[in-house]
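S.K.: Residue numbers (full-length UniProt numbering): 1 to 583. Can you read through this structure? Questions will come right after.
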């Protein structure tokens, strides 16, 4: 009888566990894999500030579970689990029961209000997609009210926005908000100087996990560039609907307090008889097991103690590591093999302060500014590629590069102007025709029979049919390549040129692998310019627009590229290909 492995929670750790089980299972394991979540989608929690700050579209942080697990043996179940019977090994929702042989709990964490009076009732949290939408709508509402408010005190309270907690989430939220309020101030005819942005931290410094040099850069950018007040050693002690109190004495009038000052393990199962550790996280051993030996906990829900006796921080990379460890050890249990001790390796942290600036510490390498933002994008792309392949990368780039809602600079505002690709069809066909004719002309002109390529030592009086690859404007390094490599192997390179030109012609005409063809076409023209100095620059100019997916309209790429993307995902998950993969 097959073993049922149930993963509760489709967060970072749960998804990693499910994908690891699917990839590493063997036929002899005979297991069924289920992942249960109350939502049909996976949320990129680290990017919620981009929704709350109106940087990207509202669905820009959502990845549908059925898309992630489409070509796997993982069964996706949308349900809300209300009870877990560890003795009977069954999960219960309002209408269903789910038996299990092995359980992975990755139900994540939730805000910790630390018993602060009024905090839960009157603050906003940023811990779900719904939270981000609520914050976004509230900020819009505050500017709408302020724009028509005549009372200076009320207007000031509407335009005072505070974030409690100077960790990663809070710092990213205030940075994102700082960019958006510039747009809102202009939109609602509000003087930007009337807007007050406050970042509040109880500790002596924000981002305490980072090196002091990076903290200093982050503080400088927030204060000088984004006009954010940073209040450290300031505890929020009471929150009302229209104000909050700092250190039991200072009252700040504001309708907006976003609380990011603490998290705890999700307490939807407070009656569970599991050992609880710091932050109400479930204690696990070095194998990520709970006291129930067939129940594992991963991600923010688990308190994993590392070799140096420190708790694994609640980071995405930690969730991925624990998810992998749990999955491997469940397979080890099924195979009656020795369990593997987990040794999570964290490679660094990155914090964005709006869309243009960030700070990062990657294995001791400290980055700031655009390099840090670039690395954060690369990390996100790497993660998305791992769970969903090229499609998710394309969607991510659409949101982050072309879907930005904030006020754009001059260059970005022009780059985002998209044109339907069908306008490129005629240009693509003509470019293909010219490449095809060029290849056929060379094939019929003796290029397959006689050496037609000459270098710097060629006789200037040689017949016109000979192509002299070195001229007065040719760089010396290129002339050396011609004389040393190309001319001695002239017939080989002539055949390669003919085949390439014919291939480019067919690729552009049929719209097949147009992006690759465009790169080759550009390279060919640059090569010709370096050697013969040909003046057919329109070849080069026409090739550049082809990079924009010209074959996706009335071309083979319209069907081929999506098919290959699906095929790649299927291969990654199943280590084989499936020809009839149409959806």
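For each residue, glycine too, the CB sits at the ideal point set by N, CA and C.
1. Please report how far the alpha carbon of residue 477 lies from the alpha carbon of residue 471, in whole angstroms.
2. Assuming residue 192 is part of the alpha helix (DSSP H), what are its boundary residues?
3. Where does residue 556 fall in DSSP's three states?
4. Once DSSP output is grouped into helix, strand and coil, what is the label at residue 259?
5. Going along the chain, which residues of its own chain have a beta-carbon closer than 7 Å to the beta-carbon of residue 96, five neighbours each way excluded?
6. Return the first residue and the last residue of the alpha helix (DSSP H) that residue 352 is part of.
7. With 16 other CB atoms within 10 Å as the buried threshold, where does residue 396 fall?
8. Would you list the residues sitting across from residue 36 in a DSSP beta bridge?
9. Within 10 Å of its beta-carbon, does residue 361 have 16 or more other beta-carbons around it, so buried, or fewer, so exposed?
10. Would you report the Cα separation of residue 505 and residue 569, rounded to the nearest angstrom?
11. Taking only three categories from DSSP, how would you classify residue 26?
12. On the CB-based measure, 16 or more other CB atoms within 10 Å of its CB, does residue 8 come out buried or exposed?
13. Between which two residues does the alpha helix (DSSP H) holding residue 375 run?
14. What does a CB cutoff of less than 6 Å around residue 466 pick up in its chain, not counting 5 residues either side in sequence?
15. Looking at the structure shown, is residue 468 part of a helix, part of a strand, or coil, going by DSSP?
16. Determine the closest residue to residue 57 out of 491, 127, 486 and 404, with distance taken between C-alpha atoms.
17. Is residue 16 helix, strand or coil when you go by DSSP?
18. Reducing DSSP to helix, strand and coil, say where residue 488 ends up.
19. How do the stretch 341 to 357 and the stretch 27 to 42 stand: do at least 3 beta-carbon pairs fall below 8 Å, yes or no?
20. Which value, in whole angstroms, describes the spacing of the CA atoms of residue 160 and residue 365?
21. Rounded to whole angstroms, what's the CA-CA distance from residue 284 to residue 5? Just pull it up for me.
22. Measure the CB-CB distance between residue 306 and residue 296 and report whether it falls below 9 Å.
23. Can you tell me whether residue 255 is buried or exposed? The criterion is at least 16 other CB atoms within 10 Å of its CB, across all chains shown.
24. With burial defined as no fewer than 16 other Cβ atoms inside 10 Å of the residue's Cβ, what is the status of residue 50: buried or exposed?
25. With DSSP collapsed to three states, give me the class of residue 1.
26. Look up residue 434 in the DSSP assignment and say whether it is helix, strand or coil.
27. Give the range of the beta strand (DSSP E) segment to which residue 63 is assigned.
28. Go ahead and pull the three-state DSSP assignment for residue 341.
29. Work out the CA separation of residue 218 and residue 391 for me, nearest whole Å.
30. Please report how far the alpha carbon of residue 30 lies from the alpha carbon of residue 324, in whole angstroms.
31. Based on the DSSP output, what are the partners of residue 41 in its beta bridges?
32. State the DSSP-derived secondary structure class of residue 114, mapped to helix, strand or coil.
33. Should residue 544 be counted as a contact of the ligand NAD given a C-beta to heavy atom distance under 8 Å?
34. Which partner residues does residue 99 have in the DSSP bridge list?
35. Going by DSSP, what residues sit across from residue 289 in a beta bridge?
36. Looking at the structure shown, is residue 524 part of a helix, part of a strand, or coil, going by DSSP?
M.R.: Straight from the coordinates:
1. When rounded, the distance between both Cα atoms is 13 Å.
2. Per DSSP, residue 192 lies in no alpha helix (DSSP H) segment and is marked neither H nor E.
3. In the structure shown, residue 556 sits in coil (DSSP, three-state: anything other than H, G, I, E or B).
4. In this structure, residue 259 counts as strand in the three-state DSSP scheme.
5. 79
6. Per DSSP, residue 352 belongs to no alpha helix (DSSP H); it is in the beta strand (DSSP E), 348 to 352.
7. buried
8. 8 and 77
9. Note on residue 361: 16 or more other CB atoms within 10 angstroms of its CB, so buried under the neighbour-count rule.
10. Inter-residue distance for residue 505 and residue 569 is about 30 Å (C-alpha atoms, whole angstroms).
11. The answer is coil: DSSP assigns residue 26 none of H, G, I, E or B.
12. buried
13. 370 to 388
14. Contacts found: 452 and 454.
15. strand
16. Cα-wise, what sits closest to residue 57 is 404.
17. helix
18. helix
19. no
20. Distance between the alpha carbons of residue 160 and residue 365: 36 Å.
21. 18 Å
22. no
23. buried
24. buried
25. Here residue 1 sits in coil by DSSP.
26. Helix, per DSSP.
27. 62 to 64
28. coil
29. Here the alpha carbons of residue 218 and residue 391 stand approximately 33 Å from one another.
30. Straight-line Cα distance between these residues: approximately 19 Å.
31. Answer is 64.
32. coil
33. The ligand NAD is not among the ligands present in this structure, which contains no ligands whatsoever.
34. Answer by DSSP bridge pairing, in chain order: 90.
35. Its beta-bridge partners are 296.
36. In this structure, DSSP gives residue 524 a helical state, which the three-state scheme calls helix.
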